[in-house]
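Input: a single structure, listed below in C-alpha coordinates.
Residue numbers (full-length UniProt numbering): 1 to 349.
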(Lines of atoms letter the chains of each structure in order from A; the text may use other names.)
(Lines give C-alpha, C1' and ligand atoms only; values in the text may rest on other atoms or scores of the structure.)
Protein backbone atom coordinates (compact mmCIF):
# COMPACT_ATOMS: atom_id res chain seq x y z
CA UNK A 1 0.00 0.00 0.00
CA UNK A 2 1.45 3.34 -1.03
CA UNK A 3 2.29 5.91 1.63
CA UNK A 4 0.04 8.90 1.26
CA UNK A 5 1.00 12.27 2.75
CA UNK A 6 -1.02 13.32 5.78
CA UNK A 7 -3.98 15.50 4.98
CA UNK A 8 -3.55 19.01 6.38
CA UNK A 9 -6.54 20.14 8.31
CA UNK A 10 -7.84 23.52 7.27
CA UNK A 11 -7.94 26.01 10.08
CA UNK A 12 -11.13 27.86 10.78
CA UNK A 13 -11.11 31.65 10.83
CA UNK A 14 -11.12 31.69 14.63
CA UNK A 15 -8.25 29.16 14.82
CA UNK A 16 -6.26 31.14 12.28
CA UNK A 17 -6.91 34.37 14.17
CA UNK A 18 -5.80 32.80 17.47
CA UNK A 19 -2.64 31.46 15.82
CA UNK A 20 -1.78 34.86 14.30
CA UNK A 21 -2.55 36.62 17.59
CA UNK A 22 -0.21 34.29 19.54
CA UNK A 23 2.63 34.08 17.03
CA UNK A 24 2.70 37.36 15.13
CA UNK A 25 3.36 40.39 17.40
CA UNK A 26 2.71 42.89 14.61
CA UNK A 27 -0.70 41.34 13.95
CA UNK A 28 -1.83 41.54 17.59
CA UNK A 29 -0.52 45.12 17.92
CA UNK A 30 -2.34 46.17 14.74
CA UNK A 31 -5.61 44.64 15.98
CA UNK A 32 -5.22 46.48 19.30
CA UNK A 33 -4.62 49.74 17.40
CA UNK A 34 -7.70 49.21 15.22
CA UNK A 35 -9.85 48.59 18.31
CA UNK A 36 -8.56 51.79 19.94
CA UNK A 37 -9.19 53.82 16.78
CA UNK A 38 -12.77 52.50 16.67
CA UNK A 39 -13.27 53.46 20.33
CA UNK A 40 -11.83 56.90 19.64
CA UNK A 41 -14.11 57.37 16.63
CA UNK A 42 -17.17 56.37 18.65
CA UNK A 43 -16.12 58.72 21.46
CA UNK A 44 -15.78 61.66 19.06
CA UNK A 45 -19.38 61.00 18.05
CA UNK A 46 -21.30 61.59 14.82
CA UNK A 47 -23.27 64.72 15.69
CA UNK A 48 -22.48 66.60 12.47
CA UNK A 49 -24.55 68.09 9.68
CA UNK A 50 -22.99 65.93 7.00
CA UNK A 51 -20.57 63.05 6.44
CA UNK A 52 -18.10 65.51 4.95
CA UNK A 53 -18.16 67.67 8.07
CA UNK A 54 -17.67 64.60 10.27
CA UNK A 55 -14.79 63.36 8.14
CA UNK A 56 -13.11 66.78 8.21
CA UNK A 57 -13.34 66.90 12.01
CA UNK A 58 -12.08 63.31 12.33
CA UNK A 59 -9.17 64.00 9.97
CA UNK A 60 -8.25 67.23 11.76
CA UNK A 61 -8.19 65.40 15.08
CA UNK A 62 -5.91 62.71 13.69
CA UNK A 63 -3.54 65.22 12.10
CA UNK A 64 -3.22 66.97 15.46
CA UNK A 65 -2.51 63.62 17.17
CA UNK A 66 0.16 62.65 14.64
CA UNK A 67 1.79 66.09 14.55
CA UNK A 68 1.95 66.34 18.34
CA UNK A 69 3.53 62.89 18.63
CA UNK A 70 5.89 63.02 15.63
CA UNK A 71 8.89 64.10 17.72
CA UNK A 72 8.62 61.40 20.34
CA UNK A 73 7.71 58.95 17.56
CA UNK A 74 11.07 59.63 15.91
CA UNK A 75 12.87 59.18 19.23
CA UNK A 76 10.98 55.91 19.80
CA UNK A 77 12.38 54.55 16.52
CA UNK A 78 15.92 55.09 17.77
CA UNK A 79 15.01 53.65 21.18
CA UNK A 80 13.92 50.48 19.40
CA UNK A 81 17.44 49.93 18.08
CA UNK A 82 18.94 50.73 21.49
CA UNK A 83 16.71 48.24 23.30
CA UNK A 84 17.34 45.63 20.60
CA UNK A 85 21.02 45.68 21.56
CA UNK A 86 20.05 45.06 25.19
CA UNK A 87 20.61 48.69 26.20
CA UNK A 88 18.56 51.67 27.29
CA UNK A 89 18.79 55.44 26.85
CA UNK A 90 17.37 57.63 29.63
CA UNK A 91 19.06 60.78 28.32
CA UNK A 92 16.87 61.42 25.27
CA UNK A 93 14.78 64.14 26.94
CA UNK A 94 17.86 66.03 28.13
CA UNK A 95 19.56 65.56 24.76
CA UNK A 96 16.47 67.13 23.19
CA UNK A 97 16.85 70.14 25.50
CA UNK A 98 20.55 70.73 24.88
CA UNK A 99 20.30 70.34 21.10
CA UNK A 100 17.15 72.48 21.02
CA UNK A 101 18.90 75.21 23.01
CA UNK A 102 21.85 75.03 20.61
CA UNK A 103 19.50 75.46 17.64
CA UNK A 104 17.90 78.51 19.25
CA UNK A 105 21.24 80.13 20.04
CA UNK A 106 22.40 79.57 16.47
CA UNK A 107 19.23 80.99 14.88
CA UNK A 108 18.42 83.77 17.37
CA UNK A 109 17.88 87.07 15.56
CA UNK A 110 18.76 89.02 18.72
CA UNK A 111 22.10 89.87 20.26
CA UNK A 112 22.64 86.31 21.50
CA UNK A 113 22.43 84.82 18.00
CA UNK A 114 25.67 83.07 17.01
CA UNK A 115 25.18 82.91 13.24
CA UNK A 116 23.75 86.42 13.05
CA UNK A 117 26.82 87.74 14.84
CA UNK A 118 29.05 86.46 12.04
CA UNK A 119 26.77 87.72 9.28
CA UNK A 120 24.99 84.49 8.32
CA UNK A 121 21.21 84.68 7.96
CA UNK A 122 18.30 83.43 5.88
CA UNK A 123 18.36 80.00 4.22
CA UNK A 124 22.16 79.50 4.66
CA UNK A 125 21.70 80.01 8.42
CA UNK A 126 18.85 77.47 8.53
CA UNK A 127 20.84 74.86 6.61
CA UNK A 128 23.94 75.41 8.75
CA UNK A 129 21.84 75.24 11.94
CA UNK A 130 20.33 71.90 10.93
CA UNK A 131 23.77 70.47 10.11
CA UNK A 132 25.38 71.69 13.34
CA UNK A 133 22.48 70.61 15.58
CA UNK A 134 22.36 67.13 14.03
CA UNK A 135 26.14 66.98 14.40
CA UNK A 136 25.89 67.87 18.09
CA UNK A 137 23.21 65.23 18.66
CA UNK A 138 25.31 62.60 16.90
CA UNK A 139 28.37 63.61 18.94
CA UNK A 140 26.50 63.43 22.27
CA UNK A 141 25.07 60.03 21.34
CA UNK A 142 28.51 58.80 20.31
CA UNK A 143 29.96 60.07 23.60
CA UNK A 144 27.39 58.02 25.49
CA UNK A 145 28.21 55.02 23.30
CA UNK A 146 31.95 55.35 23.89
CA UNK A 147 31.44 55.60 27.66
CA UNK A 148 29.32 52.45 27.61
CA UNK A 149 31.64 50.41 25.40
CA UNK A 150 35.12 51.63 26.29
CA UNK A 151 34.35 52.37 29.93
CA UNK A 152 32.38 49.11 30.29
CA UNK A 153 29.67 50.95 32.25
CA UNK A 154 26.03 49.77 32.12
CA UNK A 155 23.85 51.86 29.76
CA UNK A 156 21.40 52.64 32.57
CA UNK A 157 24.12 54.34 34.64
CA UNK A 158 25.72 56.22 31.74
CA UNK A 159 22.46 57.57 30.32
CA UNK A 160 21.12 58.41 33.79
CA UNK A 161 24.22 60.52 34.40
CA UNK A 162 23.99 62.10 30.93
CA UNK A 163 20.33 62.91 31.56
CA UNK A 164 21.25 65.00 34.59
CA UNK A 165 24.37 66.57 33.06
CA UNK A 166 22.83 67.70 29.76
CA UNK A 167 19.76 69.33 31.30
CA UNK A 168 21.70 70.92 34.16
CA UNK A 169 24.30 72.46 31.84
CA UNK A 170 21.59 73.75 29.50
CA UNK A 171 19.59 75.34 32.32
CA UNK A 172 22.71 77.01 33.70
CA UNK A 173 23.78 78.67 30.46
CA UNK A 174 20.26 79.42 29.20
CA UNK A 175 18.78 80.94 32.35
CA UNK A 176 16.99 84.20 31.57
CA UNK A 177 17.38 83.61 27.83
CA UNK A 178 14.56 84.99 25.67
CA UNK A 179 14.58 83.55 22.17
CA UNK A 180 13.66 85.19 18.91
CA UNK A 181 13.63 82.51 16.22
CA UNK A 182 13.15 83.80 12.62
CA UNK A 183 9.93 82.98 10.80
CA UNK A 184 11.82 81.15 8.06
CA UNK A 185 13.03 78.57 10.59
CA UNK A 186 9.46 77.97 11.78
CA UNK A 187 8.55 76.87 8.25
CA UNK A 188 10.43 73.60 8.86
CA UNK A 189 7.38 72.35 10.77
CA UNK A 190 4.63 74.83 9.94
CA UNK A 191 4.90 74.74 6.13
CA UNK A 192 1.45 73.82 4.81
CA UNK A 193 0.67 71.18 2.21
CA UNK A 194 -2.87 71.49 0.93
CA UNK A 195 -3.69 73.85 3.81
CA UNK A 196 -2.53 71.22 6.32
CA UNK A 197 0.52 71.46 8.58
CA UNK A 198 1.77 67.89 8.21
CA UNK A 199 5.54 68.34 7.83
CA UNK A 200 6.40 66.73 11.23
CA UNK A 201 4.29 63.73 10.21
CA UNK A 202 6.15 63.55 6.90
CA UNK A 203 9.55 63.57 8.66
CA UNK A 204 8.40 60.80 11.01
CA UNK A 205 7.14 58.66 8.11
CA UNK A 206 10.35 59.09 6.07
CA UNK A 207 12.61 58.25 9.02
CA UNK A 208 10.45 55.23 9.90
CA UNK A 209 10.73 53.98 6.30
CA UNK A 210 14.52 54.41 6.30
CA UNK A 211 15.00 52.65 9.63
CA UNK A 212 12.61 49.88 8.59
CA UNK A 213 14.85 49.26 5.59
CA UNK A 214 17.96 49.37 7.79
CA UNK A 215 16.50 46.84 10.22
CA UNK A 216 15.34 44.44 7.52
CA UNK A 217 17.78 44.78 4.62
CA UNK A 218 21.19 45.82 5.91
CA UNK A 219 24.10 44.13 7.65
CA UNK A 220 23.89 46.72 10.42
CA UNK A 221 20.30 45.71 11.14
CA UNK A 222 21.23 42.04 11.38
CA UNK A 223 24.19 42.90 13.62
CA UNK A 224 21.92 44.77 16.04
CA UNK A 225 19.73 41.69 16.41
CA UNK A 226 22.77 39.43 16.83
CA UNK A 227 24.31 41.63 19.54
CA UNK A 228 21.05 41.79 21.48
CA UNK A 229 20.34 38.07 21.12
CA UNK A 230 23.71 36.81 22.29
CA UNK A 231 26.60 39.23 22.65
CA UNK A 232 29.21 36.52 23.18
CA UNK A 233 28.08 34.59 20.11
CA UNK A 234 28.10 37.82 18.10
CA UNK A 235 31.73 38.43 19.08
CA UNK A 236 32.71 34.87 18.16
CA UNK A 237 31.06 35.32 14.75
CA UNK A 238 33.29 38.31 14.02
CA UNK A 239 30.92 41.18 14.80
CA UNK A 240 32.54 44.24 16.37
CA UNK A 241 30.03 44.50 19.23
CA UNK A 242 31.39 47.77 20.60
CA UNK A 243 31.24 49.41 17.18
CA UNK A 244 27.61 48.32 16.70
CA UNK A 245 26.61 49.70 20.11
CA UNK A 246 28.46 52.97 19.52
CA UNK A 247 26.72 53.44 16.17
CA UNK A 248 23.32 52.71 17.72
CA UNK A 249 23.73 55.33 20.46
CA UNK A 250 25.14 57.84 17.96
CA UNK A 251 22.08 57.24 15.78
CA UNK A 252 19.89 57.76 18.85
CA UNK A 253 21.50 61.17 19.45
CA UNK A 254 21.03 62.09 15.80
CA UNK A 255 17.33 61.23 15.87
CA UNK A 256 16.79 63.19 19.10
CA UNK A 257 18.42 66.25 17.51
CA UNK A 258 15.99 65.97 14.57
CA UNK A 259 13.12 65.83 17.07
CA UNK A 260 14.56 68.95 18.75
CA UNK A 261 14.62 70.84 15.45
CA UNK A 262 11.01 69.83 14.81
CA UNK A 263 9.92 70.96 18.27
CA UNK A 264 11.71 74.32 18.15
CA UNK A 265 10.46 75.04 14.64
CA UNK A 266 6.91 73.98 15.59
CA UNK A 267 6.62 75.99 18.81
CA UNK A 268 9.23 78.69 18.27
CA UNK A 269 10.75 78.21 21.73
CA UNK A 270 11.60 75.60 24.33
CA UNK A 271 11.04 75.33 28.07
CA UNK A 272 14.47 74.14 29.21
CA UNK A 273 13.14 72.99 32.58
CA UNK A 274 10.30 70.82 31.32
CA UNK A 275 10.87 70.09 27.64
CA UNK A 276 11.56 66.43 27.01
CA UNK A 277 10.64 65.31 30.52
CA UNK A 278 9.11 61.87 30.29
CA UNK A 279 10.13 61.50 26.65
CA UNK A 280 12.35 58.54 27.50
CA UNK A 281 9.38 56.77 29.10
CA UNK A 282 7.13 57.49 26.11
CA UNK A 283 9.80 56.22 23.70
CA UNK A 284 10.41 53.06 25.74
CA UNK A 285 6.67 52.49 26.10
CA UNK A 286 6.11 52.81 22.33
CA UNK A 287 8.92 50.34 21.60
CA UNK A 288 7.77 47.81 24.21
CA UNK A 289 4.10 48.03 23.23
CA UNK A 290 5.30 47.57 19.64
CA UNK A 291 6.82 44.19 20.47
CA UNK A 292 10.44 45.09 21.22
CA UNK A 293 11.94 42.70 23.77
CA UNK A 294 13.38 44.55 26.78
CA UNK A 295 16.09 41.87 27.02
CA UNK A 296 17.25 42.63 23.48
CA UNK A 297 17.41 40.62 20.29
CA UNK A 298 13.95 41.43 18.96
CA UNK A 299 12.29 44.58 17.77
CA UNK A 300 10.02 45.93 15.05
CA UNK A 301 10.22 49.42 13.59
CA UNK A 302 6.68 49.08 12.25
CA UNK A 303 5.60 47.75 15.64
CA UNK A 304 7.06 50.83 17.33
CA UNK A 305 5.03 53.06 15.00
CA UNK A 306 1.91 51.10 15.95
CA UNK A 307 2.89 51.30 19.63
CA UNK A 308 3.34 55.07 19.44
CA UNK A 309 -0.06 55.41 17.78
CA UNK A 310 -1.68 53.27 20.48
CA UNK A 311 -0.24 55.50 23.21
CA UNK A 312 -1.21 58.66 21.28
CA UNK A 313 -4.78 57.46 20.78
CA UNK A 314 -4.97 56.40 24.43
CA UNK A 315 -3.88 59.90 25.53
CA UNK A 316 -6.49 61.39 23.22
CA UNK A 317 -9.21 59.10 24.62
CA UNK A 318 -8.26 59.92 28.21
CA UNK A 319 -8.45 63.61 27.33
CA UNK A 320 -11.88 63.16 25.74
CA UNK A 321 -13.07 61.25 28.82
CA UNK A 322 -11.81 64.04 31.08
CA UNK A 323 -9.31 61.90 32.99
CA UNK A 324 -7.03 64.13 35.15
CA UNK A 325 -3.55 64.62 33.61
CA UNK A 326 -1.72 63.06 36.56
CA UNK A 327 -3.68 59.82 36.19
CA UNK A 328 -2.91 59.45 32.49
CA UNK A 329 0.63 58.29 33.24
CA UNK A 330 -0.86 55.48 35.33
CA UNK A 331 -2.74 54.17 32.30
CA UNK A 332 0.43 54.38 30.25
CA UNK A 333 2.29 52.40 32.90
CA UNK A 334 -0.42 49.73 32.92
CA UNK A 335 -0.16 49.36 29.14
CA UNK A 336 3.63 48.91 29.32
CA UNK A 337 3.39 46.28 32.06
CA UNK A 338 0.68 44.38 30.20
CA UNK A 339 2.73 44.55 26.98
CA UNK A 340 5.75 43.04 28.71
CA UNK A 341 3.63 40.31 30.32
CA UNK A 342 2.16 39.41 26.93
CA UNK A 343 5.54 39.10 25.24
CA UNK A 344 5.96 35.45 24.33
CA UNK A 345 9.16 33.67 25.30
CA UNK A 346 10.81 31.90 22.40
CA UNK A 347 10.18 28.19 22.46
CA UNK A 348 13.25 26.04 22.95
CA UNK A 349 13.87 23.74 20.06
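Ideal placement from N, C-alpha and C gives every residue a C-beta, glycine not left out.
Remember, it's a predicted structure, so these values are computed and weren't measured experimentally.
The C-alpha of residue 140 lies about 39 Å from the C-alpha of residue 322. For residue 196, the beta-bridge partners assigned by DSSP are 193. Within the same chain, 261 come within 7 Å of residue 130 by CB-CB distance, once the 5 residues on both sides are set aside. The beta-carbon separation of residue 301 and residue 77, rounded to 6 Å, stays under the 8 Å limit for a contact. By the Cβ neighbour-count rule, residue 282 is buried, with 16 or more other Cβ atoms within 10 Å of its own.
Residue 36 and residue 315 have their C-alpha atoms spaced approximately 11 Å apart. A direct Cα-Cα distance of roughly 45 Å separates residue 263 from residue 14.
Taking a C-beta distance under 7 Å as the contact criterion, residue 95 and residue 248 do not qualify as a contact pair.
Residue 205 and residue 157 have their C-alpha atoms spaced approximately 32 Å apart.
With a cut-off of 8 Å on Cβ pairs, the stretch 78 to 92 is in contact with the stretch 148 to 157, counting three or more such pairs. One thing to note: residue 269 has its Cβ within 7 Å of the Cβ of residue 179. Around the beta carbon of residue 59, fewer than 16 other beta carbons sit within 10 angstroms, so the residue counts as exposed. DSSP places residue 289 within a helical segment (H, G or I) once states are collapsed to three. Taken atom to atom, the span from the alpha-carbon of residue 107 to that of residue 47 is near 46 Å. Burial state of residue 187 is exposed, judged by a 10 Å Cβ sphere holding fewer than 16 other Cβ atoms. About 37 Å separates the Cβ atoms of residue 246 and residue 109, ruling out a contact at the 8 Å cut-off. In the structure shown, residue 24 falls within a coil segment according to DSSP collapsed to helix, strand and coil. Boundaries for residue 181: no alpha helix (DSSP H) harbours it, and the DSSP string shows neither H nor E there.
In this structure, residue 71 keeps its C-beta atom at 7 Å or more from the C-beta atom of residue 99.
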